[in-house]
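Counted the way this note's numbering counts, the sequence shown spans residues 264 to 566.
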Amino acid sequence: MSVRGAARAALPALVILALVAPEAGAASPAAPTNLRITASTSSTVTLAWDTSKSGSIAYYMVLEKSTWSHFNVPASQTTFTRTRLAANVTHSWVVRAVDTRGNGSRESNTVSYKTPPDVTAPSTPTLSAPFVGAKRVELDWTDSVDDVSGVTYTVNVNGSPARTDTLSHAVLDGLSPSTSYAVNVSARDRAGNSVTSNTLTVTTPAATDTSPPSAPGNLMGLEVGSCEGWLSWDPSTDDVDPASTIRYDAYVNGVFDSATIGYTKSIVYATKNGTNTYTIVAVDSAGNESQPSTVEIPNMFLC
Ligand SMILES: [Ca+2]
Ligand SMILES: [Ca+2]
């Protein structure tokens, strides 16, 4: 762990100490007792404890020592359910009572629970292709849900991974016209369990579209921190392609910089001191390019 990471990890402990430090001369409440686990699943644990025998209790503080987290529970409540626990980790908890003057009790007994390894794959996504263009295919799939963790998706084209992301939507670009592709999506949980969607065979049409999209409208450039430019523009329209599949190529001082698809914002940088010129060109799925839209941002500096 880096020095900065260690300092960050230690911070919640310092905060907890400050929160429950007893006032000089004030009696601390008695510690809660009989902390126990009353229910558990692969990713949740329910704790219960017996009330403090003395003190005017304002709330209970459940400290999760394995993650340096704490959770406050009203005094009327002597149970707490922790959800979304990481798999295959030993977690441990204690409870402290805090009275209405802010005095904290000693810690209760400690309980621990080791979550089992995650061996269950996420639910199977269902893949569809809402748009098939000459060189570009839009893919959409149902969200895959895992029992323990988040899910990462990999789009496979003809059996090879093409892109990986956490979004349940993708546009494949750079395909060939009049060609068939076998496409599916694998969903993987953090433990590495994966499941694969249905396989679609998509056949791109010939590139007969010769009309370019409209030029990106209302291009705006905002300088952020001298060297960074935030660009935004209104979506282009095309005679064939839906807005979600139009590609925008960004140029910095005439040099290609980056591309986005269906997304009308971009972050660009200065490549020289002074005024930098940014250009956005919309490109449809057949490769037709719009008229360029240009904005200048003055007074920039190289990062
Ligand atoms: Ca799982
Ligand atoms: Ca077109």
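Heads up, the beta-carbon is just placed ideally off N, CA and C, and yes, glycines get one too.
The beta carbons of residue 391 and residue 407 sit about 14 Å from each other, so the pair does not count as a contact at 8 Å. Sixteen is the threshold: since fewer than 16 other Cβ atoms of the shown chains lie within 10 Å of the Cβ of residue 432, the residue is exposed. Across the structure, residue 501 and residue 430 are spaced so that their CA atoms are roughly 25 Å apart. Rounded to whole angstroms, residue 467 and residue 303 show a C-alpha spacing of 51 Å. Here residue 292 really is in contact with residue 362; their C-beta atoms are around 5 Å apart, less than 8 Å.
Under the three-state reduction of DSSP output, residue 349 falls in the coil class, being neither helix nor strand. The segment 489-508 and the segment 522-536 touch, with three or more beta-carbon pairs separated by less than 8 Å. Between residue 427 and residue 416, the CB-CB gap stays under 8 Å. By the beta-carbon neighbour count (other beta carbons within 10 angstroms, threshold 16), residue 369 is exposed.
For residue 517, the closest alpha carbon among the candidates 353, 559 and 495 is that of 559. Taken from the Cβ of residue 505, every heavy atom of ligand 2 lies 7 Å or farther away. As far as DSSP is concerned, residue 438 takes part in no beta bridge. Here the C-alpha atom of residue 440 lies approximately 35 Å from the C-alpha atom of residue 492. Around the beta carbon of residue 471, fewer than 16 other beta carbons sit within 10 angstroms, so the residue counts as exposed. By the criterion of a C-beta distance shorter than 6 Å, residue 549 is surrounded in its chain by 397, 470 and 472, once the five residues flanking it on both sides are discounted.
Here residue 484 is bridged, per DSSP, to 494.
Around ligand 1, the residues whose beta-carbon falls short of 7 Å from at least one of its heavy atoms are 381, 383, 384, 385, 409, 410, 411, 412, 452, 454 and 456, given in chain order.
Annotated as proximal: residue 313 and residue 297, with beta-carbon spacing under 8 Å. Contact between residue 381 and residue 454 holds: their C-beta atoms lie close to 4 Å from each other, under 8 Å.
Assignment of residue 315 by DSSP, reduced to helix, strand and coil, places it in the coil class.
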